[in-house]
Amino acid sequence: MLRKHMHEENRRAWNVATDAHNSHKADQAAFFRSGGSTLYPDEIELLGDLHGKSLVHLQCNAGQDTLSIVRLGASVTGVDISDTAIAFARQLSTDSGIPATFIRSDVYDWFEQAIQSGETYDVVFSSYGAICWLSDIAAWAKGVASVLKSGGKVVVLDFHPYAMIFDWDWKPANSYFKGAQGEHFANGVGDYVAMAGQASTPSGYVEGVQNFVNPHPGHEFNWSISELITALIQAGLALKVFKEYPYFNGAKLFNDMREREGNRFYPPETMPSLPLMYGIVAG
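Counting the sequence shown from 1 gives a position; our numbering is that position plus 5.
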């Protein structure tokens with residue numbers, strides 16, 4: 006069941022959070038003009054050869070990864086609900102000289118418009134903290150299947166929902182099986198860029214906004230892996246790849262995480278290895 010009123014509250018929360026996040030990032034246009042990329046090896050591996058292919062990046066945020074994907078040879082469209090994020094992405098595209106199309110829309114509304122206009126893509130991509138903002142995972146999967154070309158694929162690389170059972174200090178605090186019910190917060194998206202520091206700012210870290218507290222509420226839906234895979238299968242897609250990773254890329258989401266090579270964060274040494282991200286390819 007779609008909960009559009011919650012999407013709108015999330016949109017307002019993301020609008021202010023995006024400004025806070027980008028305040029920590031040094032000249033991003035210069036970074037891209039000099040050949041920089043914000044992608045990690047994991048998503049590049051899952052995406053595969055993109056030369057000459059069309060790709061839509063759902064919930065693309067402020068467009069940094071979207072523009073990096075253009076460099077892999079694809080024709081790319083980015084979609085995001087945040088007005089601030091899309092405005093920034095469009096400006097970054099212009100300033101960096103990397104062409105991409107950016108559309109401000111609730112992803113579910115965009116699916117309807119794309120279906121009506123007959124838009125299809127070789128690849129649908131979703132990454133890094135996107136799935137948890139979807140209030141209806143089945144409707145999302147059907148939308149993905151409807152905009153895929155014959156022989157196309159969906160690629161998802163995201164934070165593992167199992168990791169989200171923990172609080173900041175690694176104590177089990179949240180139910181794993183609570184996707185449809187959701188989690189609701191008085192203060193929405195936080196400043197995860199500041200939390201990770203230089204690991205999340207390849208263009209260079211700037212102090213920027215300090216002690217950010219989001220004035221808008223937020224709503225997250227921590228769909229389990231089985232719910233996501235089932236939704237994709239029931240939408241008519243075949244699972245081709247499922248991977249799990251013992252680290253976060255560029256995100257320090259819990260206390261005492263150990264930063265290692267490649268801007269990857271692992272649990273404290275006192276904890277066992279855990280699935281912190283997952284990757285899916287289906288088509």
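Quick reminder that beta carbons are idealized off the backbone N, C-alpha and C, glycines included.
- For D32, the three-state secondary structure derived from DSSP is coil.
- Looking at V160, N179, D261, L237, the one whose alpha-carbon comes closest to that of E50 is V160.
- For E249, the enclosing beta strand (DSSP E) begins and ends at 244 to 250.
- For F190, the enclosing beta strand (DSSP E) stretches over residues 188 to 190.
- The Cβ atoms of V128 and L60 sit closer than 8 Å to each other.
- Scanning the region 208 to 285 from its first residue to its last, the whole beta strand (DSSP E) runs of 3-plus residues come out as 223 to 225, 244 to 250, 263 to 265, 269 to 271.
- Secondary structure of G148 (DSSP, three-state): helix.
- Per DSSP, reduced to three states, the secondary structure at F182 is coil, with no helix or strand assignment.
- When Cβ pairs closer than 8 Å are counted between the two stretches, the region 138 to 152 is seen to touch the region 227 to 237, the count reaching three or more.
- Shown here for E48: same chain residues with a beta carbon closer than 7 Å to its own, the five before and five after excluded, namely S132, L162 in chain order.
- L72 carries a helical assignment under DSSP once its states are collapsed to helix, strand and coil.
- Spatial neighbours of G184 in its own chain (CB-CB distance under 8 Å, excluding positions within 5 residues in sequence) are listed in chain order as I142, P166, F226, N227, W228, S229, E232.
- Pairing A287 with L242, the inter-Cα distance amounts to about 6 Å.
- Between the alpha carbons of H56 and P220 lies a gap of roughly 42 Å.
- Within 10 angstroms of the beta-carbon of M6 lie fewer than 16 other beta-carbons, which makes it exposed.
- Between F116 and N27, the beta carbon gap of about 27 Å keeps them out of contact (Cβ cut-off 8 Å).
- For L77, there is no enclosing beta strand (DSSP E), as DSSP marks it with neither H nor E.
- C-alpha of T106 to C-alpha of K30: approximately 22 Å in a straight line.
- Rounded to whole angstroms, the separation of the alpha carbons of D174 and V81 is 39 Å.
- Of all alpha-carbon atoms in G156, S73, S151, P177, the one lying nearest the alpha-carbon of G41 is that of S73.
- Excluding residues up to 5 positions away in sequence, V161, F247 lie with their Cβ nearer than 6 Å to the Cβ of I285 in the same chain.
- The C-alpha of D261 lies about 41 Å from the C-alpha of Y126.
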